[in-house]
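Peer 1:
Number of protein chains: 2
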Amino acid sequence: MPQSKVISLNKLKVACKNCGLAKLCLPLGLDSGDIDQLDAIVQRHRPMHRGGHIFQTGDKFRSIYVVKTGTVKTYTQCPNGTEQVVGFHLPGEVVGLDGIESDKHICSAKALETTAVCEVPFDHLEELTSTIPGLQHQLFRLMSREITKETGLMVLLGKSTAEERLAAFLLSLSVRFHNRGFSATEFNLSMSRQEIGSYLGLALETVSRLFTHFQEEKILLVDRKHIQILDLDLLYDLLSNQTTCLDKLGAPS
Amino acid sequence: MPQSKVISLNKLKVACKNCGLAKLCLPLGLDSGDIDQLDAIVQRHRPMHRGGHIFQTGDKFRSIYVVKTGTVKTYTQCPNGTEQVVGFHLPGEVVGLDGIESDKHICSAKALETTAVCEVPFDHLEELTSTIPGLQHQLFRLMSREITKETGLMVLLGKSTAEERLAAFLLSLSVRFHNRGFSATEFNLSMSRQEIGSYLGLALETVSRLFTHFQEEKILLVDRKHIQILDLDLLYDLLSNQTTCLDKLGAPS
DNA sequence: AGGTAAATCTGATCCAGATCAATACTTGCT
DNA sequence: AGCAAGTATTGATCTGGATCAGATTTACCT
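In order, the protein sequence lines correspond to chains C and P. Every letter in the first sequence is one number past the one before it in the numbering used here, and letter 134, counting from 1, is 134. Count along the second sequence starting at 1, add 1000, and that's the number in the numbering used here.
Next comes the structure, spelled out in structure tokens:
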């Protein structure tokens, strides 16, 4: 029974070398033969629905996951019940790298909309990286980017005002969408105000007010989850006395 | 002239296999022969004085550095002149991993006291990791820990009160000192109130007041930079309704 | 379609911690 | 030793954003 599913799924598979995200993902810089080897260990699953879990806190660490379509949020649960969002992950971005050290996942990863991921079993990946120097380097780069990204966010959370945080968040999304071939100025948010607030260390009411405020300032046009950036420069200006943390907020070059 | 220095320095060298930090550092899990190979690429420098830079923002990324003795702070400079501390690094901890992705350092690293570091040229390290699977894995683990650590700090900065932040900071230091064979309850801070505040997203006055407050509560005994934790349990209690982020704050197991 | 729960917006109030300010205390420099 | 500059403490005030509360809209379910 699972066998038949696998076969039908194979038709849905997009090989790494035909994947539009390859230049953002593990295959970056690899030659065709190496990509085939990587391709062979990647497990592609059927898309999961909104709310589905990729992994949960405490799960044994076996694989890392690359978002193929959709959006993933990573979060931790506080003892008092509230959740703390630690990241939003767009297509081409990797989740699960935090699990390597302790051999179990230290946060949960959940689909914010219909989402497909490529699962890369980590033990296989480690074997491959030993023989494919370019793959090893790319994995180091991805992990380094993760560190850089989080450092940028730390700086943002440590010092900045609510306005600066939301501006940085929107610009980060803008750049990341742009790098994926989407509009830099018009997109849909797949997360709630609550989740944005949690991620940015703000109350959801503050996020809501800021959207209204940005709209009054003619910086944005907000319709529910749909965002249109009317003036990118104004948004960048809001971050002008900020560390140049923008490029640290998740924009692959 | 530099040649003679190098020779005299050789006497000061501690080979990785004789280094007390080996179990926290890259050699963890390697056999004797592999450690020798690693040892051969490590560059050991004379200790640097307080204030000396290991690298600065924008420097080309060539090496990662392991703190051998002393303390290192990493920080970024904001356009308006203020600096933002992004980390404090004790012996056995690695700095510079953020530079891999963009091939240049995105923060600066400075000695907070007389400090010695082991420099590990990254291109050599990458070559070695290809042939020593255990070393590769350990490097992945170290990078993963870095990610975990920063995630924990993000959560702390996003949600917690000033009191919780300082408690988490002190406990993180306590655990890390303990893991290095020092007292878990009595140590010297090598950083200023200002720097602690910057790291925790607090004003230096707030940090100062909290030290006073903790002292009044009989949790701490503070004398300038010298800290004695009188009641570890009380300190842990302050974090009780916190994400279990403590183990994410830099405590190698 | 209609009903219920969830998400969002908006206003009013409050407070933790920033900022401003003044005074010690250290430490380094000549 | 003595001055200057950095560092820490403590107090007084102010404010950005949290929290509380309510109204409104939207999404989901059968």
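By construction, the Cβ of each residue, glycine as well, lies at the ideal position given by its N, Cα and C atoms. If you're wondering where the values come from, they're calculated on a predicted model, not measured in any experiment.
DSSP three-state call for L1026 of chain P: helix, strand or coil?
Peer 2: Three-state result, L1026 of chain P: coil.
Peer 1: Using a Cβ-Cβ cut-off of less than 7 angstroms, give me the residues of the region 129-162 of chain C that come near chain P, in sequence order.
Peer 2: So the close ones are T129, S130, P133, Q136, H137, F140, R141, M143, S144, R145, E146, I147, T148, E150, T151, L153, M154, V155, L157, G158 and K159.
Peer 1: Helix, strand or coil for L239 of chain C? Go by DSSP, reduced to three states.
Peer 2: It is coil, neither helix nor strand.
Peer 1: Quick one: give me the first and last residue of the beta strand (DSSP E) that P121 of chain C is part of.
Peer 2: Where P121 of chain C is concerned, the enclosing beta strand (DSSP E) stretches over A116 to P121.
Peer 1: Taking contact to mean at least 3 C-beta pairs separated by less than 8 angstroms, is the region 70-77 of chain C in contact with the region 96-115 of chain C?
Peer 2: Output reads yes: the region 96-115 of chain C touches the region 70-77 of chain C.
Peer 1: Does DSSP classify M48 of chain C as helix, strand or coil?
Peer 2: Here M48 of chain C sits in strand by DSSP.
Peer 1: So H53 of chain C and S108 of chain C are in contact, right, with Cβ under 8 angstroms, and what is the actual spacing, rounded?
Peer 2: With a Cβ gap of about 6 angstroms, H53 of chain C and S108 of chain C count as contacting.
Peer 1: Using a Cβ-Cβ distance cut-off of 9 angstroms, determine whether L204 of chain C contacts chain P.
Peer 2: Not one chain P Cβ lies under 9 angstroms of L204 of chain C.
Peer 1: Assess contact between the region 56-66 of chain C and the region 145-155 of chain C, defined as three or more Cβ pairs (one per stretch) separated by less than 8 angstroms. Is contact present?
Peer 2: Too few Cβ pairs lie closer than 8 angstroms, so no.
Peer 1: Just to confirm, are L238 of chain C and A167 of chain C a CB contact at a threshold of 9 angstroms?
Peer 2: Yes, they are a contact pair.
Peer 1: Any contact between the region 1121-1129 of chain P and the region 1073-1082 of chain P? By contact I mean 3 or more CB pairs, one from each, below 8 angstroms.
Peer 2: In short, these stretches do not touch, since the Cβ pair count stays below three.
Peer 1: Extract the residue ranges of the beta strand (DSSP E) inside the region 1105-1174 of chain P, only unbroken runs of 3 or more that lie entirely within it.
Peer 2: Whole beta strand (DSSP E) segments, 3+ residues: 1108-1111 and 1116-1121.
Peer 1: Do Y1199 of chain P and G201 of chain C count as a contact pair if the criterion is CB distance below 9 angstroms?
Peer 2: No.
Peer 1: Give the DSSP bridge partners of Y1075 of chain P, in chain order.
Peer 2: Answer by DSSP bridge pairing, in chain order: P:V1085 and P:S1108.
Peer 1: Just to check my reading of the structure: V85 of chain C and E195 of chain C have Cβ atoms closer than 8 angstroms, yes? What is that Cβ distance to the nearest angstrom?
Peer 2: Between E195 of chain C and V85 of chain C the Cβ distance is about 5 angstroms, and since that is below 8 angstroms, they are a contact.
Peer 1: Put K1060 of chain P into one of helix, strand or coil per three-state DSSP.
Peer 2: Three-state result, K1060 of chain P: strand.
Peer 1: When the distance is taken between beta carbons, is D1036 of chain P closer than 9 angstroms to L1135 of chain P?
Peer 2: No, these two residues do not count as a Cβ contact at 9 angstroms.
Peer 1: Kindly identify the DSSP beta-bridge partner or partners of F1187 of chain P.
Peer 2: DSSP output for F1187 of chain P lists P:I1227 as bridge partner(s).
Peer 1: Please report the distance separating the alpha-carbon of V207 of chain C from that of R193 of chain C.
Peer 2: One C-alpha to the other measures close to 6 angstroms.
Peer 1: Counting only beta-carbon atoms, is L246 of chain C nearer than 9 angstroms to chain P?
Peer 2: Low local confidence applies: a pLDDT of 48 at L246 of chain C is under 50, so the model's placement there is unreliable, with the coordinate-based value given in what follows. Not one chain P Cβ lies under 9 angstroms of L246 of chain C.
Peer 1: Candidates C:M191, C:L38, C:H137 and C:I229: which alpha carbon is nearest L171 of chain C's?
Peer 2: Selected option, being the one with the closest Cα: C:I229.
Peer 1: Just to check my reading of the structure: N1179 of chain P and L1024 of chain P have Cβ atoms closer than 8 angstroms, yes? What is that Cβ distance to the nearest angstrom?
Peer 2: Yes, they are in contact, since the Cβ atoms of N1179 of chain P and L1024 of chain P sit about 7 angstroms apart, within 8 angstroms.
Peer 1: Name the residue from C:P47, C:G81, C:E83 and C:T82 whose alpha carbon lies nearest to the alpha carbon of V66 of chain C.
Peer 2: When each option's Cα is compared against that of V66 of chain C, the closest is C:P47.
Peer 1: Given a cut-off of 9 angstroms, decide if F1140 of chain P and L139 of chain C are closer than it, judged by their beta-carbon atoms.
Peer 2: Yes, these two residues count as a Cβ contact at 9 angstroms.
Peer 1: At the level of alpha carbons, what is the spacing between M154 of chain C and G1197 of chain P?
Peer 2: When rounded, the distance between both Cα atoms is 13 angstroms.
Peer 1: Should E1101 of chain P be flagged as near chain C, meaning a C-beta pair shorter than 9 angstroms?
Peer 2: Cβ-Cβ to chain C under 9 angstroms: yes for E1101 of chain P.
Peer 1: With DSSP collapsed to three states, give me the class of K17 of chain C.
Peer 2: Correct three-state label for K17 of chain C: helix.
Peer 1: Leaving aside the five residues before and after K104 of chain C along the sequence, list all residues of the same chain whose C-beta is less than 7 angstroms from its C-beta, in chain order.
Peer 2: Excluding sequence neighbours, K104 of chain C sits near G58, D59, K60 and F61.
Peer 1: Rounded to a whole number of angstroms, what is the C-alpha to C-alpha distance between T151 of chain C and G1152 of chain P?
Peer 2: About 11 angstroms.
Peer 1: When we look at the beta-carbon of K1005 of chain P and count the other beta-carbons within 10 Å, is it buried (16 or more) or exposed?
Peer 2: Unreliable positioning characterises K1005 of chain P in this predicted model, as indicated by a pLDDT of 48, which lies under 50. A coordinate reading is not provided.
Peer 1: Roughly how many angstroms separate the alpha carbons of K1017 of chain P and Q1043 of chain P, rounded to a whole number?
Peer 2: So the two alpha carbons sit approximately 15 angstroms from each other.
Peer 1: Consult DSSP for F1182 of chain P and reduce its assignment to one of helix, strand or coil.
Peer 2: Residue state, collapsed to three classes: coil.
Peer 1: How would you write the range of the beta strand (DSSP E) that I1054 of chain P sits in, first residue to last?
Peer 2: First-last of the beta strand (DSSP E) with I1054 of chain P: H1053 to F1055.
Peer 1: Can you have a look at G1081 of chain P and say buried or exposed, based on whether 16 or more other CB atoms are within 10 angstroms of its CB?
Peer 2: Classification for G1081 of chain P: exposed.
Peer 1: Shorter than 9 angstroms from the beta carbon of P1121 of chain P to some beta carbon of chain C?
Peer 2: Not one chain C Cβ lies under 9 angstroms of P1121 of chain P.
Peer 1: Using a Cβ-Cβ distance cut-off of 9 angstroms, determine whether Q84 of chain C contacts chain P.
Peer 2: Q84 of chain C counts as touching chain P.
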